[in-house]
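Asks: Line by line, the protein sequences give chains A and B. If you count the first sequence from 1, position 81 lands on 81 in our numbering, and the numbers rise without skipping. If you count the second sequence from 1, position 229 lands on 229 in our numbering, and the numbers rise without skipping.
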Amino acid sequence: MVETFNEGGLDFLWREKNKLGLPSAITQNWQKGLGGVSPESHHVVYPAKIPARDQLLAYSAQIAASFKLNFHASVRKEFGDDAEAAVARASRKALLVWQAYAFLAPGGGPYDPKKTLREQLGMKFGHRSALSLYAYNARQQGRKPSLEDIVTDRTLLVHLEWFHSAKTRAAEALFMERLLKSARELLPK
Amino acid sequence: MVSSLLSLAALLFVAGQTSSPAASRHWEKVFDGGASEWVYAVAAVGRNDWFIAIEGAVGKVTKGNIERYVTTPRQAEGLFVASGDNVYAFGDGELVVHHDGRKWTTEHAGAPPPRRRRRGTGAPDMLQGAYFSDAMMVAVGPSLVMVRQPDGSWAYPPKTEKQKLWDAAGSGPQTSKPQNCHLAGWYWLGKNRGFFYCHDRRAFLWDAGVLTPKGKIPRQCDDSLNAVVEEAGEVYAACNQATLWKTEGAGAWQAIQPPNEKGLKEIAFMAGADGCLFVAGPRSVWRSCDR
Numbered sequence: 001m002v003e004t005f006n007e008g009g010l011d012f013l014w015r016e017k018n019k020l021g022l023p024s025a026i027t028q029n030w031q032k033g034l035g036g037v038s039p040e041s042h043h044v045v046y047p048a049k050i051p052a053r054d055q056l057l058a059y060s061a062q063i064a065a066s067f068k069l070n071f072h073a074s075v076r077k078e079f080g081d082d083a084e085a086a087v088a089r090a091s092r093k094a095l096l097v098w099q100a101y102a103f104l105a106p107g108g109g110p111y112d113p114k115k116t117l118r119e120q121l122g123m124k125f126g127h128r129s130a131l132s133l134y135a136y137n138a139r140q141q142g143r144k145p146s147l148e149d150i151v152t153d154r155t156l157l158v159h160l161e162w163f164h165s166a167k168t169r170a171a172e173a174l175f176m177e178r179l180l181k182s183a184r185e186l187l188p189k
Numbered sequence: 001m002v003s004s005l006l007s008l009a010a011l012l013f014v015a016g017q018t019s020s021p022a023a024s025r026h027w028e029k030v031f032d033g034g035a036s037e038w039v040y041a042v043a044a045v046g047r048n049d050w051f052i053a054i055e056g057a058v059g060k061v062t063k064g065n066i067e068r069y070v071t072t073p074r075q076a077e078g079l080f081v082a083s084g085d086n087v088y089a090f091g092d093g094e095l096v097v098h099h100d101g102r103k104w105t106t107e108h109a110g111a112p113p114p115r116r117r118r119r120g121t122g123a124p125d126m127l128q129g130a131y132f133s134d135a136m137m138v139a140v141g142p143s144l145v146m147v148r149q150p151d152g153s154w155a156y157p158p159k160t161e162k163q164k165l166w167d168a169a170g171s172g173p174q175t176s177k178p179q180n181c182h183l184a185g186w187y188w189l190g191k192n193r194g195f196f197y198c199h200d201r202r203a204f205l206w207d208a209g210v211l212t213p214k215g216k217i218p219r220q221c222d223d224s225l226n227a228v229v230e231e232a233g234e235v236y237a238a239c240n241q242a243t244l245w246k247t248e249g250a251g252a253w254q255a256i257q258p259p260n261e262k263g264l265k266e267i268a269f270m271a272g273a274d275g276c277l278f279v280a281g282p283r284s285v286w287r288s289c290d291r
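#1: Flag this pair as touching only if the stretch 262-275 of chain B and the stretch 233-250 of chain B have three or more C-beta atom pairs under 8 Å; answer yes or no.
#2: Leaving out five residues before and five after K32 (chain A) in sequence, what residues of the same chain have Cβ atoms less than 6 Å from its Cβ?
#3: For D82 (chain A), I'd like the list of residues in its chain whose CB is within less than 8 Å of its CB, leaving aside the five on either flank, ordered along the chain.
#4: Determine the burial state of A208 (chain B): buried for a count of at least 16 other Cβ atoms within 10 Å of its Cβ, exposed for fewer.
#5: Should A232 (chain B) and A43 (chain B) be called a contact, given that it needs their Cβ atoms to be closer than 8 Å?
#6: Check whether the stretch 97-109 of chain A and the stretch 157-176 of chain A are in contact - that is, three or more C-beta pairs closer than 8 Å.
#7: In the stretch 127-149 of chain B, which residues sit with their C-beta less than 9 Å from some C-beta in chain A, listed in chain order?
#8: Taking I52 (chain B) as the reference, which of B:D134, B:K162, B:V285 and B:P142 has the closest Cα?
#9: So with Cβ pairs under 8 Å, would you call H199 (chain B) a contact of chain A?
#10: Going by C-alpha distance, which of A:A52, A:R89 and A:L117 is nearest V158 (chain A)?
#11: In whole angstroms, what separates the C-alpha of M137 (chain B) from that of D32 (chain B)?
#12: Helix, strand or coil: which one does DSSP assign to G80 (chain A)?
#13: Closest Cβ-Cβ distance between W50 (chain B) and chain A: below 8 Å?
#14: Using a Cβ-Cβ cutoff of 7 Å, what residues of the stretch 36-69 of chain B are near chain A? List them in chain order.
#15: Quick one: grab the DSSP three-state call for M137 (chain B).
#16: Within the 8 Å Cβ cut-off, does E78 (chain A) reach chain B?
#17: Can you give the Cα-Cα distance for F80 (chain B) and A41 (chain B), rounded to whole angstroms?
#18: Contact criterion: CB-CB distance below 8 Å. Does W14 (chain A) meet it with respect to chain B?
#19: At 3 residues or longer, and completely inside the stretch 202-259 of chain B: list those beta strand (DSSP E) runs for me, N to C.
#20: Within a Cβ cutoff of 6 Å, which residues of the same chain sit near G122 (chain A), ignoring the five residues on either side of it in sequence?
#21: Does the CB of K167 (chain A) have a neighbour CB from chain B at under 8 Å?
#22: Along chain A, which residues have their Cβ under 7 Å away from the Cβ of E266 (chain B)?
#23: Residues of the stretch 118-143 of chain A with a CB closer than 7 Å to any CB of chain B: list them in chain order, please.
#24: Which complete beta strand (DSSP E) runs does the stretch 52-137 of chain B hold, if anything under 3 residues is left out?
#25: Assuming the contact rule is C-beta atoms closer than 8 Å, R128 (chain A) and E78 (chain A) should be a hit. Round their C-beta distance to whole Å, please.
#26: Are the Cβ atoms of A52 (chain A) and F71 (chain A) separated by less than 8 Å?
#27: Any beta-carbon of chain A closer than 8 Å to the one on G16 (chain B)?
#28: Tell me, please, whether the CB atom of Q31 (chain A) is closer than 8 Å to any CB atom in chain B?
#29: Classify T4 (chain A) as buried or exposed, calling it buried when 16 or more other Cβ atoms lie within 10 Å of its own Cβ.
#30: Can you find a CB in chain A that lies within less than 8 Å of the CB of V2 (chain B)?
#31: Could you tell me the distance, in whole angstroms, from the CA atom of R47 (chain B) to the CA atom of K115 (chain A)?
#32: Determine, for K49 (chain A), whether the minimum Cβ-Cβ distance to residues of chain E falls below 8 Å.
#33: So what's V45 (chain A) in DSSP terms, helix, strand or just coil?
#34: Please list, in chain order, all residues of the same chain as A86 (chain A) whose beta carbon is under 8 Å from its beta carbon, the five residues on each side excluded.
#35: Run through chain A and tell me which residues come within less than 7 Å of P282 (chain B), C-beta to C-beta.
#36: Determine the direct distance from the alpha carbon of G281 (chain B) to that of L69 (chain A), and round the result to whole angstroms.
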């Protein structure tokens, strides 16, 4: 068995297990993890103890669920009527970054324009905070909000660990995808 | 009017445990960490004798006075009452601190922990709690297992034993579950005594092999049972949204009123002793006594 907080970073897998769309034949073999409080957030974490063979499945399901549930709800909250069009227009590259960001930092409060961005950056600047920032910027510039902003952003946000990590993960995914495509071209069908 | 009352009654019936009124309790704040003193664990041996793990230290609280014992650079993550006079704190850097009723001593410490732990790296040096395997005290963490020796030193168990001890820490003894129970969570309550619940929410007390059904845990606890203690023959649980529950005999769980503190969203730790219940939020501890 693997404990998903200390050996994987899935802090809330036990709490989320029924929202992942996985059959109970799989999740019924999972157990509550050791729990306790996170040294980073000082709040309770809800990891699970899962068979080692379920790790990939758990990660994929959690990433998909965070994107489907949290991210789309956040876009609706922050982009309002422009949400659907923004998602439809977004490039695969941008969506991969947002998917990773929503997985790494599923929450976050709205961006507060009365404070500087530097003051607000940190653990609590989750994906919703970034969406809120881009919605605010778009309003200021008199344009529609865009999910592409995360790809072109060169502001202070580049120093945020979530942002950096999300971009790295998206780059790795795209790299692996291209590598696989090239390798498949070489292999007999 | 009658029909709307009937509808309300039906609604309350359907909603089940969540809508029954919480039993009132008087809570007294016994520790306030202010803005920065985070609580990591609590344990109690008496109404006026209890223990706390806070940032960089452990403390024994007697009638409101905290006797602190600094553990930095290690952080105590769990407390364990072995007996009235023997309380242990466990933490990273293989920390084992013992209070013998009079003073704190460090019984064991490994290499200091990394200054900044990377997420998901296994915390191989961390201990978070303990239990008794027969007469042997076993301390466990996410992957580390250590066993207290008769001379008071701590040792790593042989590889063949380690997995068995680690499994029993989180899942209880292998023979303890009823049929068709897919174990969801296990909590050691004392020597040869534990509490567990299944994925279908059935709960049981386990006492040296004898099972006592404890109804079904409340829905609020299904995926967020933060802490369990046994006090005065009943099981208490801290669950989602800072809700508190206690068993009423074999079947029902009764909601009990949590501390009335603005902004209290979670109760991470609980302890019980001498008819008193101690609960801890992120930076505070409250006590409520039956009499």
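By construction, the Cβ of each residue, glycine as well, lies at the ideal position given by its N, Cα and C atoms.
Replies: Reading off the structure:
#1: Contact between the stretch 262-275 of chain B and the stretch 233-250 of chain B is present, because at least three Cβ pairs lie under 8 Å.
#2: The residue you call residue 32 (chain A) lines up with position 32 of the first sequence. Counting only Cβ-Cβ distances below 6 Å, and skipping sequence neighbours, we find W14.
#3: Taking the first sequence and counting its residues from 1, one reaches residue 82 (chain A) at position 82. Closer than 8 Å at Cβ, skipping near neighbours: K144 and P145.
#4: Locating residue 208 (chain B) in the second sequence gives position 208, counting from the first residue. Residue burial annotation: A208 (chain B) is exposed, with fewer than 16 other C-beta atoms found within 10 angstroms of its C-beta.
#5: Locating residue 232 (chain B) in the second sequence gives position 232, counting from the first residue. Locating residue 43 (chain B) in the second sequence gives position 43, counting from the first residue. With contacts defined as CB atoms closer than 8 Å, A232 (chain B) and A43 (chain B) fail to qualify as a contacting pair.
#6: yes
#7: Q128, G129, V140, G141, P142 and S143
#8: Within the second sequence, residue 52 (chain B) is the residue found at index 52, counting from 1. Among B:D134, B:K162, B:V285 and B:P142, the Cα nearest to that of I52 (chain B) is on B:V285.
#9: For the purposes of this step, residue 199 (chain B) is identified with residue 199 of the second sequence, where counting begins at 1. For H199 (chain B), the answer is yes, since a Cβ of chain A falls inside 8 Å of its Cβ.
#10: Here the question's residue 158 (chain A) lines up with position 158 in the first sequence. If we check each option's Cα against that of V158 (chain A), A:L117 comes out closest.
#11: Position 137 of the second sequence, counted from the first residue, corresponds to residue 137 (chain B). Position 32 of the second sequence, counted from the first residue, corresponds to residue 32 (chain B). Distance between the alpha carbons of M137 (chain B) and D32 (chain B): 32 Å.
#12: Counted from its first residue, the first sequence places residue 80 (chain A) at position 80. G80 (chain A) falls in the helix class under three-state DSSP.
#13: Here the question's residue 50 (chain B) lines up with position 50 in the second sequence. Not an interface residue.
#14: W38 and Y40
#15: Mapped onto the second sequence, residue 137 (chain B) falls at position 137. For M137 (chain B), the three-state secondary structure derived from DSSP is strand.
#16: Position 78 of the first sequence, counted from the first residue, corresponds to residue 78 (chain A). By this cut-off, E78 (chain A) is not an interface position.
#17: Taking the first residue of the second sequence as position 1, residue 80 (chain B) is located at position 80. Taking the first residue of the second sequence as position 1, residue 41 (chain B) is located at position 41. Each residue's Cα considered, the two are about 9 Å apart.
#18: For the purposes of this step, residue 14 (chain A) is taken as residue 14 along the first sequence, with counting starting at 1. Answer yes: the Cβ-Cβ gap between W14 (chain A) and chain B drops below 8 Å somewhere.
#19: The qualifying runs are 202-207, 210-216, 227-231, 234-239, 243-248 and 252-256.
#20: Reading the first sequence from its first residue, position 122 is the one you call residue 122 (chain A). So no residue of the chain qualifies.
#21: One-based indexing of the first sequence puts residue 167 (chain A) at position 167. Contacts with chain B at 8 Å (Cβ-Cβ) do not include K167 (chain A).
#22: As a first step, residue 266 (chain B) is located in the second sequence; it is residue number 266 there, counting from the start. Those are H43 and V44, listed as they occur along chain A.
#23: none
#24: 57-62, 65-70, 76-83, 86-91, 95-99, 104-108 and 129-133, all fully within the stretch 52-137 of chain B.
#25: Indexing the first sequence from 1 puts residue 128 (chain A) at position 128. Indexing the first sequence from 1 puts residue 78 (chain A) at position 78. At roughly 7 Å, the Cβ-Cβ gap stays under 8 Å, so R128 (chain A) and E78 (chain A) are in contact.
#26: Taking the first sequence and counting its residues from 1, one reaches residue 52 (chain A) at position 52. Taking the first sequence and counting its residues from 1, one reaches residue 71 (chain A) at position 71. No, the pair does not count as a contact, with Cβ atoms beyond the cut-off.
#27: In the second sequence, the residue the question calls residue 16 (chain B) occupies position 16. In this prediction, G16 (chain B) scores a pLDDT of 42, lower than 50, which makes its location untrustworthy; no coordinate-derived value is stated.
#28: To locate residue 31 (chain A), count along the first sequence from 1; it is residue 31. Closer than 8 Å to some Cβ of chain B, the Cβ of Q31 (chain A) qualifies, so yes.
#29: Within the first sequence, numbered from 1, the residue matching residue 4 (chain A) stands at position 4. It counts as buried.
#30: Here residue 2 (chain B) refers to the residue found at position 2 when the second sequence is read from its first residue. Because the pLDDT of V2 (chain B) is 40, which lies under 50, any placement of that residue in the model is unreliable, and the number read from its coordinates should be weighed accordingly. Closer than 8 Å: no.
#31: What you label residue 47 (chain B) is simply residue 47 of the second sequence in a count that begins at 1. What you label residue 115 (chain A) is simply residue 115 of the first sequence in a count that begins at 1. So the alpha carbons of these two residues sit roughly 47 Å apart.
#32: Reference to chain E is not applicable here, since the protein chains of this structure are A and B.
#33: Here the question's residue 45 (chain A) lines up with position 45 in the first sequence. Here V45 (chain A) sits in coil by DSSP.
#34: Sequence index remark: in the first sequence, residue 86 (chain A) carries index 86 (1-based). So the list reads V75, F79, K144, P145, S146 and L147, once near-sequence residues are dropped.
#35: Translated into positions along the second sequence, residue 282 (chain B) becomes position 282. Residues of chain A passing the Cβ test: H42 and H43.
#36: On the first sequence, residue 69 (chain A) is found 69 positions in, with the first residue counted as 1. On the second sequence, residue 281 (chain B) is found 281 positions in, with the first residue counted as 1. One C-alpha to the other measures close to 28 Å.
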